[in-house]
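Chemist: For the sequence shown, my numbering begins at 238 and goes up steadily by one. Just so it is clear, CB atoms sit at the ideal spot from N, CA and C, and this is done for glycine as well. This one's a predicted model, so the numbers in the text were calculated from it and none came from an experiment. Let me begin by handing over the structure; questions about it come next.
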Amino acid sequence: MPSTPAPDARDSALPARQEEAPGVPRHVAIIMDGNGRWAARRRRPRAIGHRAGARAVNVCIDFCLEQGVRALTLFAFSSENWGRPEEEVGALMKLFLAALDREVEELHRRGVEVRFIGDRTRFPADIRARMQAAEMLTRGNARLTLAIAASYGGRQDIAAAARALAEDVAAGRLRPEQIDEAAVGARMALADLPPPDLFIRTGGDFRISNFLLWQLAYTELWFTETLWPDLDAATLHEAIRAFAGRERRFGLTGEQVSGTVPPSQRSATP
Ligand code: FPP
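So, in structure tokens, the structure goes:
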């Protein structure tokens, strides 16, 4: 039986929905890996793999909308990916631009809020403008929040939060003794969303690869050999089934979580 997730102050950021099903993660975060290998197996250029990967993004969004997942964060481009061959980075930029032009209206019509996390100053002006327009158009849509991590790095996210804290202290808005987990968390990307319940990585590697380092602290991790462009609903159902079978303890004991210990004896383990 899936255990009930611990209450989170940020739950209120997602409007309640009647059809929220037990065992369905509220927030899914995905590393979409394997585009290059998918293309190599077909003796095609890597850019073709990324194009096929863009189609799989739609499969994933459709699935989340059907299942009542409330937030989906996709790792589209890491801060390290800028170091890839110029030709591949160029192809990805073209693909992002085309996807923004093609998909945003439809996402808006379907009630999806689109947002971007990461250092967008590194993107060309046309892409930055499209990102901003997509965010403005879809702001407040409540069916699904789609966060695209682009030029994103988890360490960079933590460093930016540390810098924001330092600025607040230097300006006298915050005292050092007020810096706690909540103060750091409030300055991280996606601070207004509950943290991911389920992390999925396709492509067969078992790594977090500098994705949401802070936010994944208690996330259930699920890995598959499936290459991202081959993603289908059956694979995503498999991930959800695995998630539903996990007991989430959040540092407590199994007995505490299942309610077989009286509340008076419940205390967090280290
Ligand atoms: C990792 O596969 C994938 C990327 C670096 C790019 C992800 C981009 C997409 C899925 C397409 C478009 C996305 C959006 C949001 C429109 P890899 O190239 O590292 O694959 P490999 O490990 O097989 O080489």
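What first and last residue would you give for the alpha helix (DSSP H) that runs through L344?
Modeler: Numbered from 1 along the sequence shown, position 107 holds the residue referred to as residue 344. Per DSSP, L344 belongs to the alpha helix (DSSP H) from E323 to R346.
Chemist: Just checking my contact of I437 with V265 at CB under 8 Å: how many whole Å lie between their CB atoms?
Modeler: Here the question's residue 437 lines up with position 200 in the sequence shown. Here the question's residue 265 lines up with position 28 in the sequence shown. At roughly 7 Å, the Cβ-Cβ gap stays under 8 Å, so I437 and V265 are in contact.
Chemist: Please go through the same chain and pick out, in chain order, the residues whose beta-carbon is closer than 7 Å to the beta-carbon of D469, but skip the five residues on each side of it.
Modeler: Translated into positions along the sequence shown, residue 469 becomes position 232. Excluding residues within five positions, the ones whose Cβ falls inside 7 Å are V296.
Chemist: Pick helix, strand or coil for L450, following the three-state DSSP scheme.
Modeler: Here residue 450 corresponds to residue number 213 of the sequence shown, with the count starting at 1. If DSSP states are grouped into helix, strand and coil, L450 belongs with coil.
Chemist: Would you give the residue range spanned by the alpha helix (DSSP H) that V406 belongs to?
Modeler: Working through the sequence shown from its first residue, we reach residue 406 at position 169. G391 to A407 is the extent of the alpha helix (DSSP H) around V406.
Chemist: With DSSP as the reference, please indicate the residues paired to E350 in a beta bridge.
Modeler: Here residue 350 refers to the residue found at position 113 when the sequence shown is read from its first residue. Answer by DSSP bridge pairing, in chain order: T382.
Chemist: Following the continuous alpha helix (DSSP H) through V265, name the residue where it begins and the one where it ends.
Modeler: On the sequence shown, position 28 is the one that residue 265 refers to. Careful: V265 lies outside any alpha helix (DSSP H), inside the beta strand (DSSP E) at H264 to I268.
Chemist: DSSP three-state label for E457, please.
Modeler: On the sequence shown, position 220 is the one that residue 457 refers to. Strand, per DSSP.
Chemist: Go ahead and pull the three-state DSSP assignment for R359.
Modeler: Residue numbering aside, residue 359 sits at position 122 when the sequence shown is read from its first letter. DSSP places R359 in the helix class (H, G or I) of the three-state scheme.
Chemist: Taking Cβ positions, are I416 and Q304 nearer each other than 8 Å?
Modeler: Numbered from its first residue, the sequence shown carries residue 416 at position 179. Numbered from its first residue, the sequence shown carries residue 304 at position 67. No; because the gap between Cβ atoms is not below 8 Å, this pair is not in contact.
Chemist: For D442, which option in A336, I268 and P262 has the closest C-alpha, if you only look at C-alpha atoms?
Modeler: In the sequence shown, the residue the question calls residue 442 occupies position 205. Of A336, I268 and P262, the residue nearest in Cα terms is I268.
Chemist: S495 lies in the alpha helix (DSSP H); which residues open and close that run?
Modeler: Here residue 495 is taken as the residue at index 258 of the sequence shown, counted from 1. Here the alpha helix (DSSP H) through S495 covers G491 to S495.
Chemist: Once the 5 residues before and after A428 are set aside, which same chain residues still bring their CB inside 7 Å of it?
Modeler: Here residue 428 refers to the residue found at position 191 when the sequence shown is read from its first residue. If we look at A428 and ignore the five residues flanking it on each side, its Cβ neighbours are G422.
Chemist: Give the DSSP-derived three-state secondary structure of I437 in the structure shown.
Modeler: Here the question's residue 437 lines up with position 200 in the sequence shown. Correct three-state label for I437: strand.
Chemist: Going by alpha carbons, who is nearest to F510 out of C301, L332 and L302?
Modeler: The structure shown does not extend to residue 510, since the chain spans only 238 to 507, so no value can be given for it.
Chemist: Is it true that the stretch 308–324 meets the stretch 372–390, where meeting means three or more beta-carbon pairs spaced less than 8 Å apart?
Modeler: yes
Chemist: How about A291 and A336: do their beta carbons lie closer than 8 Å?
Modeler: Residue 291 sits at position 54 when you count from the first residue of the sequence shown. Residue 336 sits at position 99 when you count from the first residue of the sequence shown. In this structure, the beta-carbon distance from A291 to A336 falls below 8 Å.
Chemist: Pairs of beta-carbons, one from the stretch 445–459 and one from the stretch 272–286, closer than 8 Å: are there three or more?
Modeler: no
Chemist: Can the beta-carbon of A479 be found less than 8 Å from the beta-carbon of W459?
Modeler: Counted from its first residue, the sequence shown places residue 479 at position 242. Counted from its first residue, the sequence shown places residue 459 at position 222. Against a cut-off of 8 Å, the Cβ pair of W459 and A479 comes out as a contact.
Chemist: Nearest-angstrom Cα distance between R392 and T358?
Modeler: Position 155 of the sequence shown holds residue 392. Position 121 of the sequence shown holds residue 358. Near 17 Å, if we compare the C-alpha coordinates of T358 and R392.
Chemist: In the DSSP assignment, find the unbroken alpha helix (DSSP H) run with T463 in it and report its ends.
Modeler: As a first step, residue 463 must be located in the sequence shown, where it is residue number 226. It is not in any alpha helix (DSSP H) - T463 carries neither H nor E in the DSSP assignment.
Chemist: Cα separation between E324 and T382?
Modeler: Locating residue 324 in the sequence shown gives position 87, counting from the first residue. Locating residue 382 in the sequence shown gives position 145, counting from the first residue. Spanning the two alpha carbons is a distance of roughly 31 Å.
Chemist: According to DSSP, simplified to helix, strand and coil, what is L374?
Modeler: As a first step, residue 374 is located in the sequence shown; it is residue number 137 there, counting from the start. Helix.
Chemist: What residue range is occupied by the uninterrupted beta strand (DSSP E) comprising A481?
Modeler: Looking up residue 481 in the sequence shown gives position 244. Careful: A481 lies outside any beta strand (DSSP E), inside the alpha helix (DSSP H) at A470 to A481.
Chemist: Given a cut-off of 8 Å on the beta-carbon distance, is the pair T461 and P432 in contact?
Modeler: Locating residue 461 in the sequence shown gives position 224, counting from the first residue. Locating residue 432 in the sequence shown gives position 195, counting from the first residue. Not a contact, by the Cβ cut-off of 8 Å.
Chemist: What does a CB cutoff of less than 6 Å around R283 pick up in its chain, not counting 5 residues either side in sequence?
Modeler: Along the sequence shown, read from residue 1 onward, the residue named residue 283 stands at position 46. Within the same chain, R283 has close Cβ partners G273, A276 and E325.
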